[in-house]
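In the working numbering, the protein residues as written are 3 to 404.
Ideal Cβ placement from N, Cα and C applies to all residues, glycine included.
These figures come from a predicted structure and were not determined experimentally.
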Ligand SMILES: Cc1cc2nc3c(=O)[nH]c(=O)nc-3n(C[C@H](O)[C@H](O)[C@H](O)COP(=O)(O)OP(=O)(O)OC[C@H]3O[C@@H](n4cnc5c(N)ncnc54)[C@H](O)[C@@H]3O)c2cc1C
């Protein structure tokens with residue numbers, strides 16, 4: 003039987019490993035981290051991602067792990083409320099839902115472990131690729147172990163070593179930026195309803211919501227020199243000063259509860275080519291996604307479904323290496339159009355935020371007019387809602403067929 007080796011047990015690698023192993027395919031999944039409980043795991047799933055979870059037969063499993071639906075989105079500029087949109091946006095649709103990613107990954111791993119053809123190698127980083135006759139034929143681990151494969155799948159995230167070792171180039175977008183990502187204690191206001199706040203004040207912009215595990219999650223985007231100098235300033239006070247009074251009071255009173263702020267360099271882009279002989283890149287390794295409007299996990303799950311449709315039947319038949327390689331461009335061809343469209347919409351969302359950040363006159367005008375004249379607030383609100391539908395549903399018809 004063909005042997006598949008998947009690098010990276012994030013949403014892409016783990017769900018793909020489970021789907022292939024459930025179809026009897028020999029899969030070895032290699033993960034560098036010893037635990038799923040690392041920081042900066044995103045957790046918002048849009049209706050497109052929830053649908054993928056449902057198709058994978060994981061809906062019951064989600065019910066048993068920490069999760070909560072978002073109640074609304076609210077935008078605050080210069081400390082004034084601009085507009086609010088309740089979830090779900092679509093009548094009768096699914097609300098954007100926050101799901102504990104470590105808990106989800108642990109449960110998907112348990113499902114994969116039920117399959118006799120699955121093997122999990124944890125706590126070992128892939129360091130290099132093995133080549134045979136110009137084709138990638140496996141991987142080398144940090145402890146020098148060599149693992150042979152008929153197909154290597156790089157699902158090792160935005161800084162993919164597999165991508166680098168295979169010499170597959172990444173075209174990075176100019177919108178790549180830094181984000182300070184941290185948690186603090188929640189407030190009763192968020193227990194009553196979980197609103198995702200997007201806040202812009204002066205040069206500062208950040209998002210805030212109550213995570214599925216109960217504390218508040220803040221992502222503060224840092225620009226230019228701020229990324230190097232954030233530790234030299236009283237950044238907690240700066241975030242409080244940009245917040246409306248009720249939130250500022252909460253941040254100041256709970257500043258001792260702040261947990262491990264991490265500065266993340268958010269790479270965004272796409273590989274012109276996702277494959278080489280013997281190798282396929284998927285998820286962030288092929289197309290690192292911006293955190294804007296929570297798309298990366300959703301796209302990862304949808305990549306896993308389409309890859310399974312192509313690969314499972316071929317691998318079940320013990321196909322020749324040439325037959326396997328012939329499928330790889332088809333997987334990219336099916337997934338790439340949606341990724342291009344979603345990244346374009348994410349860029350449009352960032353452009354709106356940048357407009358407000360860079361032009362104080364527009365920022366002050368919008369905040370004054372929209373907070374006092376309902377018809378202006380409604381027009382801005384409607385234009386935001388119109389932009390969200392495709393970001394929530396995706397562009398492609400993604401259906402698990404095998
Ligand atoms: C701050 C932030 C917040 C986000 N929030 C959201 C959100 O709410 N919703 C959403 O949909 N998206 C969100 N995203 C995007 C999302 O996190 C990614 O798009 C998604 O995790 C991609 O999944 P992946 O499996 O492809 O990669 P990853 O999740 O990055 O997983 C890659 C895995 O590979 C492992 N690995 C790396 N190198 C090696 C190696 N050499 N050997 C073995 N293993 C290796 C890593 O340890 C990791 O487990 C956010 C991103 C950021 C930066």
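Under 7 Å from any heavy atom of ligand 1, does the C-beta of residue 53 make it?
no
When you compare each of 238, 279 and 189 to residue 156 by their alpha carbons, which one comes out closest?
Out of 238, 279 and 189, 279 has the C-alpha closest to the C-alpha of residue 156.
Alpha carbon of residue 286 to alpha carbon of residue 179, nearest angstrom
C-alpha separation (whole angstroms): 16 Å.
Tell me the residue span of the alpha helix (DSSP H) that contains residue 283.
Looking at the DSSP string, residue 283 is not in any alpha helix (DSSP H); the run it does join, the beta strand (DSSP E), is 281-283.
Starting from residue 56, trace the beta strand (DSSP E) in both directions and tell me its first and last residue.
From DSSP, residue 56 is part of no beta strand (DSSP E) but of the alpha helix (DSSP H) over 49-57.
Helix, strand or coil at residue 293 [DSSP, three-state]:
coil
Is residue 326 near ligand 1, going by C-beta to nearest heavy atom under 7 Å?
no
Could you spell out where the alpha helix (DSSP H) holding residue 122 opens and where it closes?
Residue 122 -> not in any alpha helix (DSSP H); beta strand (DSSP E) instead, spanning 120-124.
Is residue 322 a contact residue of ligand 1, with contact defined as CB to any heavy atom under 7 Å?
no
Using a 10 Å radius around the Cβ and a threshold of 16 neighbouring Cβ atoms, would you call residue 345 buried or exposed?
buried
Residue nearest to residue 94 in terms of C-alpha spacing, selected from 265, 104, 49 and 112
49
What residue from 301, 258, 229 and 248 has the CA that sits closest to residue 238's CA?
258
So the candidates are 109, 74 and 85; which of them puts its Cα closest to the Cα of residue 64?
Cα-wise, what sits closest to residue 64 is 109.
Residue 361, DSSP secondary structure in three states
coil
Cβ pair count under 8 Å reaching 3, the region 160-167 against the region 300-307
Touching, no.
Whose C-beta lies closer than 7 Å to the C-beta of residue 321 among residues of the same chain, with five residues either side of it excluded?
4
Indicate whether residue 201 and residue 245 have their beta-carbon atoms separated by less than 8 Å.
yes
Please indicate yes or no: does the CB of residue 338 lie closer than 7 Å to some heavy atom of ligand 1?
no
Would you say residue 35 touches ligand 1, meaning its beta carbon is less than 7 Å from a heavy atom?
yes
Quick check on DSSP: helix, strand or coil for residue 175?
coil
Alpha carbon of residue 168 to alpha carbon of residue 281, nearest angstrom:
8 Å
Residue 101 and residue 175 - do their beta-carbons sit closer together than 8 Å?
no
Run the proximity test for residue 266: is its beta-carbon closer than 7 Å to any non-hydrogen atom belonging to ligand 1?
yes
Using alpha carbons as the reference points, say which of 85, 114 and 104 lies closest to residue 20.
114
Residues near residue 33 in its chain [Cβ-Cβ closer than 6 Å; skip 5 each side]:
11 and 124
Give me the DSSP bridge partner(s) of residue 113.
Residue pairing for residue 113: DSSP places it in no beta bridge.
Once the 5 residues before and after residue 242 are set aside, which same chain residues still bring their CB inside 6 Å of it?
250, 253 and 254
Let me check understanding here. Comparing Cα to Cα, which of 260, 23, 127 and 69 lies closest to residue 37?
127
Quickly, what does DSSP pair residue 7 with across the bridge? List them, please.
30 and 154
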